[in-house]
Amino acid sequence: MKKFIKNIIIFFFINSVILVLLFRFNNESFKIHLNNYDYVFYKKADTFNNFIKEKKSINLILGSSLIEESLIPDSLGFNWFSFTNGSQNIDESLKFINFYKDLIVIDTVIIEIQPFNFSRLNDIQHNGNFYFYGFDFTSAKRISKILKKHLQYLKSKIFPKNFTFFNTSNSINNERIVSNHGYSGRMIKALDIDSLYKYEPNRFNYASSYFDYINDKPNYNIFELFLSLTKKLDIKVIYIIPPKSKYYKIELKNNRNRIIWDNILNKLEKKGIEIWNYENMKTDDFNFHWFWDETHVGYDGAKAFTKLIKKKLKKN
(Lines of atoms letter the chains of each structure in order from A and count residues from 1; the text may use other names and numbers.)
(Lines give C-alpha, C1' and ligand atoms only; values in the text may rest on other atoms or scores of the structure.)
Protein backbone atom coordinates (compact mmCIF):
# COMPACT_ATOMS: atom_id res chain seq x y z
CA MET A 1 0.00 0.00 0.00
CA LYS A 2 2.81 2.38 0.91
CA LYS A 3 4.55 1.64 -2.39
CA PHE A 4 1.31 2.32 -4.28
CA ILE A 5 0.85 5.69 -2.53
CA LYS A 6 4.48 6.57 -3.19
CA ASN A 7 4.06 5.80 -6.91
CA ILE A 8 0.92 7.94 -7.05
CA ILE A 9 2.77 10.87 -5.44
CA ILE A 10 5.67 10.51 -7.89
CA PHE A 11 3.25 10.28 -10.83
CA PHE A 12 1.44 13.49 -9.89
CA PHE A 13 4.71 15.24 -9.09
CA ILE A 14 6.24 14.44 -12.49
CA ASN A 15 3.05 15.38 -14.34
CA SER A 16 2.91 18.68 -12.45
CA VAL A 17 6.47 19.43 -13.55
CA ILE A 18 5.59 18.64 -17.17
CA LEU A 19 2.63 21.03 -16.98
CA VAL A 20 4.95 23.71 -15.62
CA LEU A 21 7.36 23.13 -18.51
CA LEU A 22 4.55 23.60 -21.01
CA PHE A 23 3.87 27.15 -19.80
CA ARG A 24 5.67 29.77 -21.87
CA PHE A 25 8.34 31.92 -20.27
CA ASN A 26 6.10 35.03 -20.40
CA ASN A 27 3.88 33.53 -17.72
CA GLU A 28 5.57 35.31 -14.82
CA SER A 29 4.20 33.02 -12.10
CA PHE A 30 5.76 29.90 -13.66
CA LYS A 31 9.26 31.17 -14.37
CA ILE A 32 11.95 28.73 -13.20
CA HIS A 33 15.50 29.99 -12.69
CA LEU A 34 17.99 27.15 -12.53
CA ASN A 35 21.48 28.50 -13.03
CA ASN A 36 23.20 31.56 -14.41
CA TYR A 37 22.64 30.70 -18.05
CA ASP A 38 18.98 29.82 -17.51
CA TYR A 39 18.42 33.08 -15.64
CA VAL A 40 20.06 35.09 -18.42
CA PHE A 41 18.01 33.29 -21.06
CA TYR A 42 14.66 33.89 -19.35
CA LYS A 43 15.53 37.49 -18.56
CA LYS A 44 16.64 38.08 -22.15
CA ALA A 45 13.44 36.51 -23.50
CA ASP A 46 11.31 38.87 -21.42
CA THR A 47 13.47 41.82 -22.39
CA PHE A 48 13.13 40.98 -26.08
CA ASN A 49 9.33 40.85 -25.86
CA ASN A 50 9.39 44.34 -24.37
CA PHE A 51 11.98 45.50 -26.91
CA ILE A 52 9.80 44.73 -29.95
CA LYS A 53 6.73 46.49 -28.60
CA GLU A 54 5.78 49.52 -30.75
CA LYS A 55 8.71 48.86 -33.11
CA LYS A 56 8.13 48.42 -36.82
CA SER A 57 11.39 46.55 -37.40
CA ILE A 58 14.54 45.47 -35.59
CA ASN A 59 18.08 44.17 -36.14
CA LEU A 60 19.39 41.06 -34.40
CA ILE A 61 22.68 39.60 -33.22
CA LEU A 62 22.49 35.80 -32.86
CA GLY A 63 24.94 33.15 -31.71
CA SER A 64 26.87 31.75 -28.76
CA SER A 65 28.78 33.38 -25.91
CA LEU A 66 31.65 34.15 -28.31
CA ILE A 67 29.60 36.78 -30.14
CA GLU A 68 27.55 37.58 -27.03
CA GLU A 69 30.66 38.95 -25.38
CA SER A 70 32.20 40.43 -28.54
CA LEU A 71 29.40 42.79 -29.65
CA ILE A 72 27.55 45.33 -27.52
CA PRO A 73 24.16 45.94 -29.23
CA ASP A 74 23.45 49.10 -27.22
CA SER A 75 26.39 50.74 -29.00
CA LEU A 76 25.38 49.59 -32.49
CA GLY A 77 22.10 51.47 -32.55
CA PHE A 78 18.56 51.91 -31.23
CA ASN A 79 17.10 48.96 -33.17
CA TRP A 80 19.78 46.35 -32.37
CA PHE A 81 19.10 43.47 -29.97
CA SER A 82 21.48 40.67 -29.02
CA PHE A 83 19.70 37.37 -28.49
CA THR A 84 22.91 35.46 -27.88
CA ASN A 85 23.38 32.81 -25.22
CA GLY A 86 25.99 30.36 -24.04
CA SER A 87 26.47 27.54 -26.62
CA GLN A 88 23.59 28.81 -28.79
CA ASN A 89 23.90 27.08 -32.18
CA ILE A 90 22.47 27.97 -35.59
CA ASP A 91 19.59 25.52 -35.14
CA GLU A 92 18.44 27.45 -32.08
CA SER A 93 18.91 30.80 -33.83
CA LEU A 94 16.79 29.46 -36.71
CA LYS A 95 14.08 28.43 -34.26
CA PHE A 96 14.13 31.91 -32.70
CA ILE A 97 13.65 33.70 -36.04
CA ASN A 98 10.96 31.26 -37.11
CA PHE A 99 9.06 31.90 -33.87
CA TYR A 100 9.07 35.70 -34.29
CA LYS A 101 8.83 35.96 -38.09
CA ASP A 102 5.15 36.97 -37.99
CA LEU A 103 5.45 39.14 -34.89
CA ILE A 104 8.16 41.61 -35.90
CA VAL A 105 9.96 42.60 -39.10
CA ILE A 106 13.66 41.74 -38.95
CA ASP A 107 15.81 43.92 -41.20
CA THR A 108 19.35 42.73 -40.53
CA VAL A 109 20.83 39.75 -38.70
CA ILE A 110 24.43 39.39 -37.61
CA ILE A 111 24.91 35.70 -36.88
CA GLU A 112 28.06 34.08 -35.61
CA ILE A 113 29.56 31.20 -37.56
CA GLN A 114 31.54 28.57 -35.65
CA PRO A 115 32.63 24.99 -36.44
CA PHE A 116 30.03 23.50 -34.08
CA ASN A 117 27.26 24.85 -36.33
CA PHE A 118 28.19 22.11 -38.79
CA SER A 119 28.23 19.14 -36.44
CA ARG A 120 26.56 15.94 -37.63
CA LEU A 121 24.66 16.00 -34.32
CA ASN A 122 23.32 19.53 -34.00
CA ASP A 123 22.39 19.08 -30.34
CA ILE A 124 25.98 18.41 -29.20
CA GLN A 125 26.78 22.10 -28.75
CA HIS A 126 23.57 23.87 -27.75
CA ASN A 127 22.12 26.24 -25.19
CA GLY A 128 19.25 23.89 -24.38
CA ASN A 129 16.53 26.43 -23.55
CA PHE A 130 15.10 26.94 -27.02
CA TYR A 131 12.32 24.38 -26.60
CA PHE A 132 10.38 27.48 -25.50
CA TYR A 133 10.34 28.52 -29.17
CA GLY A 134 9.14 25.22 -30.59
CA PHE A 135 9.40 21.53 -29.83
CA ASP A 136 11.15 19.23 -32.30
CA PHE A 137 13.18 16.02 -32.43
CA THR A 138 16.36 17.57 -31.06
CA SER A 139 14.34 19.17 -28.25
CA ALA A 140 12.98 15.73 -27.39
CA LYS A 141 16.52 14.35 -27.06
CA ARG A 142 17.38 17.15 -24.62
CA ILE A 143 14.22 17.12 -22.52
CA SER A 144 15.44 14.31 -20.24
CA LYS A 145 18.38 16.37 -19.00
CA ILE A 146 16.31 19.55 -18.78
CA LEU A 147 13.52 17.77 -16.90
CA LYS A 148 16.02 16.50 -14.34
CA LYS A 149 17.21 20.05 -13.72
CA HIS A 150 13.65 21.30 -13.24
CA LEU A 151 12.81 18.40 -10.94
CA GLN A 152 15.89 19.08 -8.86
CA TYR A 153 14.94 22.75 -8.57
CA LEU A 154 11.36 21.97 -7.50
CA LYS A 155 12.63 19.32 -5.10
CA SER A 156 14.90 21.88 -3.43
CA LYS A 157 11.90 24.16 -2.90
CA ILE A 158 9.41 21.53 -1.77
CA PHE A 159 11.76 19.19 0.15
CA PRO A 160 14.74 21.39 1.07
CA LYS A 161 16.16 18.99 3.69
CA ASN A 162 15.28 15.67 2.11
CA PHE A 163 17.21 13.41 -0.27
CA THR A 164 18.47 14.57 -3.67
CA PHE A 165 16.67 13.22 -6.74
CA PHE A 166 19.46 14.03 -9.18
CA ASN A 167 23.07 15.08 -8.87
CA THR A 168 23.11 18.38 -10.77
CA SER A 169 24.30 21.93 -10.22
CA ASN A 170 21.65 24.46 -9.26
CA SER A 171 23.72 27.55 -8.59
CA ILE A 172 22.62 31.00 -9.70
CA ASN A 173 25.72 32.78 -8.43
CA ASN A 174 27.43 35.49 -10.46
CA GLU A 175 24.24 36.63 -12.15
CA ARG A 176 24.76 38.82 -15.19
CA ILE A 177 22.79 41.94 -16.02
CA VAL A 178 20.78 41.96 -19.24
CA SER A 179 20.61 45.39 -20.88
CA ASN A 180 17.53 46.74 -22.68
CA HIS A 181 19.19 45.63 -25.93
CA GLY A 182 19.98 42.13 -24.68
CA TYR A 183 23.68 42.59 -23.92
CA SER A 184 24.72 40.19 -21.16
CA GLY A 185 28.48 40.00 -21.54
CA ARG A 186 30.46 39.45 -18.39
CA MET A 187 31.90 42.98 -18.55
CA ILE A 188 35.14 41.74 -17.01
CA LYS A 189 38.71 42.64 -17.74
CA ALA A 190 40.65 40.34 -20.01
CA LEU A 191 43.56 38.31 -18.65
CA ASP A 192 47.20 38.03 -19.55
CA ILE A 193 46.67 34.76 -21.41
CA ASP A 194 50.32 34.68 -22.50
CA SER A 195 51.27 34.08 -18.87
CA LEU A 196 48.37 31.67 -18.37
CA TYR A 197 49.42 29.63 -21.39
CA LYS A 198 53.01 29.49 -20.14
CA TYR A 199 52.09 28.03 -16.76
CA GLU A 200 48.72 26.34 -17.44
CA PRO A 201 48.62 25.26 -21.10
CA ASN A 202 46.05 22.58 -20.30
CA ARG A 203 43.45 25.31 -19.79
CA PHE A 204 43.57 26.05 -23.52
CA ASN A 205 41.50 23.28 -25.07
CA TYR A 206 38.49 24.95 -26.71
CA ALA A 207 39.58 24.40 -30.29
CA SER A 208 39.07 20.64 -30.43
CA SER A 209 35.71 20.78 -28.63
CA TYR A 210 34.31 23.08 -31.34
CA PHE A 211 34.83 20.29 -33.87
CA ASP A 212 32.98 17.47 -32.14
CA TYR A 213 31.18 15.19 -34.61
CA ILE A 214 32.33 17.01 -37.74
CA ASN A 215 35.33 15.13 -39.16
CA ASP A 216 35.47 15.33 -42.97
CA LYS A 217 31.69 15.41 -43.42
CA PRO A 218 30.29 18.67 -42.03
CA ASN A 219 26.52 18.93 -41.74
CA TYR A 220 25.22 21.88 -43.80
CA ASN A 221 21.53 21.01 -43.42
CA ILE A 222 20.66 23.49 -40.66
CA PHE A 223 22.73 26.21 -42.30
CA GLU A 224 20.78 25.71 -45.55
CA LEU A 225 17.49 25.94 -43.65
CA PHE A 226 18.66 29.17 -42.01
CA LEU A 227 19.76 30.55 -45.37
CA SER A 228 16.42 29.61 -46.95
CA LEU A 229 14.29 31.14 -44.20
CA THR A 230 16.16 34.45 -44.09
CA LYS A 231 16.00 34.77 -47.88
CA LYS A 232 12.28 34.08 -47.80
CA LEU A 233 11.83 36.78 -45.15
CA ASP A 234 14.09 39.18 -47.07
CA ILE A 235 16.45 39.55 -44.11
CA LYS A 236 19.93 40.90 -44.75
CA VAL A 237 22.32 38.45 -43.08
CA ILE A 238 25.93 39.08 -42.13
CA TYR A 239 27.77 35.93 -41.09
CA ILE A 240 30.49 36.90 -38.67
CA ILE A 241 33.44 35.11 -37.08
CA PRO A 242 34.68 37.06 -34.04
CA PRO A 243 38.37 37.23 -33.10
CA LYS A 244 40.14 34.31 -31.47
CA SER A 245 43.46 34.25 -29.69
CA LYS A 246 46.67 32.90 -31.17
CA TYR A 247 46.47 29.96 -28.75
CA TYR A 248 43.21 28.78 -30.28
CA LYS A 249 44.89 28.90 -33.68
CA ILE A 250 47.98 27.10 -32.38
CA GLU A 251 45.80 24.22 -31.17
CA LEU A 252 43.92 24.23 -34.48
CA LYS A 253 47.15 23.76 -36.43
CA ASN A 254 48.10 20.71 -34.42
CA ASN A 255 45.38 18.53 -36.00
CA ARG A 256 43.15 18.20 -39.07
CA ASN A 257 40.62 20.70 -37.75
CA ARG A 258 42.34 23.58 -39.55
CA ILE A 259 41.79 21.84 -42.89
CA ILE A 260 38.18 21.02 -42.02
CA TRP A 261 37.47 24.62 -41.03
CA ASP A 262 39.11 26.02 -44.16
CA ASN A 263 37.01 23.67 -46.30
CA ILE A 264 33.84 24.81 -44.55
CA LEU A 265 34.68 28.48 -45.09
CA ASN A 266 35.53 27.86 -48.75
CA LYS A 267 32.19 26.19 -49.31
CA LEU A 268 30.31 29.02 -47.57
CA GLU A 269 32.08 31.67 -49.64
CA LYS A 270 30.91 29.94 -52.83
CA LYS A 271 27.32 30.53 -51.76
CA GLY A 272 27.73 34.26 -52.31
CA ILE A 273 26.85 35.16 -48.74
CA GLU A 274 28.37 38.02 -46.76
CA ILE A 275 31.01 36.74 -44.35
CA TRP A 276 32.98 39.03 -42.05
CA ASN A 277 35.87 36.91 -40.86
CA TYR A 278 37.80 38.41 -37.94
CA GLU A 279 39.15 35.12 -36.61
CA ASN A 280 42.74 36.14 -37.42
CA MET A 281 42.41 39.75 -36.31
CA LYS A 282 45.70 41.01 -34.81
CA THR A 283 44.46 41.73 -31.31
CA ASP A 284 48.03 41.85 -29.98
CA ASP A 285 48.38 45.25 -31.66
CA PHE A 286 46.09 46.82 -29.06
CA ASN A 287 47.44 48.29 -25.84
CA PHE A 288 45.27 46.10 -23.61
CA HIS A 289 44.63 42.41 -23.08
CA TRP A 290 41.87 41.21 -25.41
CA PHE A 291 40.79 37.77 -24.16
CA TRP A 292 40.03 36.09 -20.84
CA ASP A 293 40.45 32.65 -22.41
CA GLU A 294 41.51 31.59 -25.91
CA THR A 295 38.17 32.47 -27.54
CA HIS A 296 36.16 34.80 -25.26
CA VAL A 297 36.65 38.55 -25.39
CA GLY A 298 36.99 40.82 -22.37
CA TYR A 299 34.97 44.02 -22.02
CA ASP A 300 37.66 46.30 -23.47
CA GLY A 301 37.92 44.02 -26.49
CA ALA A 302 34.13 44.04 -26.86
CA LYS A 303 34.08 47.84 -26.94
CA ALA A 304 36.84 47.93 -29.55
CA PHE A 305 35.25 45.23 -31.71
CA THR A 306 31.81 46.84 -31.51
CA LYS A 307 33.28 50.14 -32.64
CA LEU A 308 34.90 48.39 -35.62
CA ILE A 309 31.67 46.61 -36.62
CA LYS A 310 29.58 49.76 -36.20
CA LYS A 311 31.91 51.61 -38.55
CA LYS A 312 31.70 48.82 -41.13
CA LEU A 313 27.90 48.69 -40.89
CA LYS A 314 27.71 52.38 -41.76
CA LYS A 315 29.81 51.80 -44.87
CA ASN A 316 27.94 48.65 -45.84
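For the sequence shown, the numbering used here assigns the number 162 to the initial residue and increments by one for each residue that follows.
Glycine residues also receive a C-beta, built at the ideal position from the N, C-alpha and C atoms.
No experiment lies behind these values; they were computed from the predicted model shown.
Straight-line measurement puts the Cα of Y261 at about 38 Å from the Cα of L352. When rounded, the separation of the alpha-carbon atoms in A206 and L394 is 22 Å. Within its own chain, the residues whose Cβ lies closer than 6 Å to the Cβ of T391, once the five positions on either side in sequence are excluded, are V398, listed in chain order. Between P379 and F277 a beta carbon distance of about 10 Å is seen, past the 8 Å cut, so the two are scored as non-contacting. Segment contact: the stretch 262-275 against the stretch 212-225, three or more CB-CB distances shorter than 8 Å; contact assigned. Between V339 and V458, the C-beta spacing is not below 8 Å.
DSSP places E435 in the strand class (E or B) of the three-state scheme. CA-to-CA, the gap between D461 and H450 works out to about 8 Å. Uninterrupted beta strand (DSSP E) stretches at least 3 residues long and entirely within the stretch 202-259 occur at 218-224, 241-245, given in chain order. Apart from the 5 residues on each side of it in sequence, T467 sits with its Cβ closer than 6 Å to the Cβ of L232, I233, S236 in its chain, given in chain order. Distance check between S369 and each of K472, R419, N341 places R419 closest, using alpha-carbon atoms only.
For Y358, the enclosing alpha helix (DSSP H) begins and ends at 354-360. DSSP places E430 within a helical segment (H, G or I) once states are collapsed to three. Per DSSP, reduced to three states, the secondary structure at T444 is helical.
The straight-line gap separating the alpha-carbon atoms of L255 and M442 is approximately 28 Å. Across the set I375, E230, I470, K359, the C-alpha of I375 shows the shortest separation from the C-alpha of Q286.
DSSP places T391 in the uninterrupted alpha helix (DSSP H) bounded by 382-393.
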